[in-house]
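Trainee:
2 protein chains.
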Amino acid sequence: MEKTKEKLIEAATNLGEGIGLNRAVCQIYALLYLSDHPLSPTEIGKILGMSKGNVSINLRTLEQWDAVKKIWRKGYSRALYTANENIEEIVLNKLKTGIEKRLKYIKPIISLAKENPSHSDENFSEKINQIEKLLSKIEFFLGNFETIKSLITK
Amino acid sequence: MEKTKEKLIEAATNLGEGIGLNRAVCQIYALLYLSDHPLSPTEIGKILGMSKGNVSINLRTLEQWDAVKKIWRKGYSRALYTANENIEEIVLNKLKTGIEKRLKYIKPIISLAKENPSHSDENFSEKINQIEKLLSKIEFFLGNFETIKSLITK
DNA sequence: AAAATAATTTAAAACATATTAAACAATGGA
DNA sequence: TCCATTGTTTAATATGTTTTAAATTATTTT
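Those protein sequences? They're chains H and V, same order as listed.
Counting from 2, one number per residue, gives the positions in the first sequence under our numbering.
Counting from 2, one number per residue, gives the positions in the second sequence under our numbering.
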């Protein structure tokens, strides 16, 4: 592979790792993003020096994020992969999904704490109120997410 | 400790772990956040059933994030700790610092790729342009960060 | 100043995650 | 249909992170 491309992939991978993604996922996405043609899992593995099992696992992860997609070429009947080039869209969607999941989890717990008769503790109920306020801000944010997203991505 | 509080700390910790923070950091912050009075490292360790080494390490991490602060009480000459209650502020500051660090790292690499004479590859220079556009969006965002922050936190 | 208590640092252990290698399944071409 | 090739799953290995326990350092009390 070209030296510059290699460096870019390396840089992107470090970046991704910094925000908690695993190495393989970043490498594969960066490779596909920079490639001008779709690649097969085998090619990906060869180029990146990575086992085919690892390629397989992480391609599926990327598909779930809608960060890459399978395409079919006449002649080839096995799938090739391309990157969804809209990085902002991918990131924002992941963000939204993540926040939603966590909200759903925390809300009932806060409700429970609110109902609970530990009214003697003034500080505690004040803190619960603070958290509730924060949660409703986040919910507002989610409610306007599509608007915010289009402001950013367009 | 009170049952409800315990559950809340547990929930907050799971939440934090979900976004890549370590268990101890979350537990300590949640405990201090919900406590109505400052706590010493020893107390924290005892309440959470955690080694003092672990408390020490993770308190320092939290201090670096400005998520907790040392306070002194007359009579006590050793430091006690309280939570910075403004969670939004903490999160946004961490976000900003993180983005800045990563920008500084990726920018020179992009510049290098741009200078590089791989002009034969039309696709490649197009992709570089895409990334540059994205980076300048992020920079714009950072430039207006204080404004955005005050919109959110106030 | 010495003893007691508290906090930090460190090296090792426990734990978690990512990666591989090998077995298995599916597909395409002879 | 059988062989060759590609992709997936899995169990194990390797790697990285968190936590602890113990040693060290700092602080307070007597």
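Note that beta-carbon positions come from the ideal geometry of N, C-alpha and C, so glycine has one too.
Chain H partners of V:N124, CB-CB under 9 Å?
Mentor: By Cβ distance, chain H contributes L35, S36, D37, H38.
Trainee: Determine the extent of the beta strand (DSSP E) in which H:Y77 is found, giving its start and end residues.
Mentor: Premise fails: H:Y77 is in no beta strand (DSSP E) and is neither H nor E.
Trainee: Less than 7 Å between the beta carbons of V:E101 and V:T154, yes or no?
Mentor: Cβ atoms of V:E101 and V:T154: not closer than 7 Å.
Trainee: Is H:I10 close to chain V, meaning its C-beta is less than 7 Å from at least one C-beta of that chain?
Mentor: Answer no: the Cβ-Cβ gap between H:I10 and chain V never drops below 7 Å.
Trainee: Taking 7 Å as the threshold (C-beta atoms), are V:K108 and H:L35 in contact?
Mentor: Cβ atoms of H:L35 and V:K108: not closer than 7 Å.
Trainee: Should V:N124 be labelled buried (16 or more other beta-carbon atoms within 10 Å of its own) or exposed?
Mentor: Exposed, since its Cβ has fewer than 16 Cβ neighbours within 10 Å.
Trainee: For V:K70, return the contacting residues in chain H, with the cut-off set at a CB-CB distance below 7 Å.
Mentor: Going along chain H, no residue has its Cβ under 7 Å from V:K70, so there is no contact; the nearest lies around 17 Å.
Trainee: From the beta carbon of V:K128, is the nearest beta carbon of chain H less than 7 Å away?
Mentor: By this cut-off, V:K128 is an interface position.
Trainee: Just curious, the alpha helix (DSSP H) that H:I129 is in, first and last residue?
Mentor: That run of the alpha helix (DSSP H) goes 123 to 144.
Trainee: Would you verify that the beta carbon of V:L16 is, or is not, closer than 7 Å to some beta carbon of chain H?
Mentor: Chain H contact via Cβ: present.
Trainee: To the nearest angstrom, report how far apart H:L9 and V:K150 are at their CA atoms.
Mentor: Using only the alpha carbons, I get a separation of about 32 Å.
Trainee: If you check the beta carbons only, do H:A31 and H:A13 fall under 7 Å apart?
Mentor: Contact flag set, yes.
Trainee: I want to verify the contact list: residues of chain V whose CB lies under 9 Å from the CB of H:Y106, in sequence order.
Mentor: What H:Y106 touches in chain V: A12, N15, L16, G19.
Trainee: Buried or exposed: which applies to H:T5, given that a residue is buried once 16 or more other Cβ atoms fall within 10 Å of its Cβ?
Mentor: Per the 10 Å Cβ criterion, buried.
Trainee: Quick one: which chain H residues come within Cβ less than 9 Å of V:I149?
Mentor: Under the 9 Å cutoff, chain H gives no residues; its nearest Cβ is about 11 Å from V:I149.
Trainee: If H:L49 and H:L40 are in contact, beta carbons under 8 Å, what's the gap, nearest whole angstrom?
Mentor: 10 Å between Cβ atoms; not a contact.
Trainee: Among V:V69, V:K95, V:V92, which residue has its Cα nearest to the Cα of V:T83?
Mentor: Among V:V69, V:K95, V:V92, the Cα nearest to that of V:T83 belongs to V:V69.
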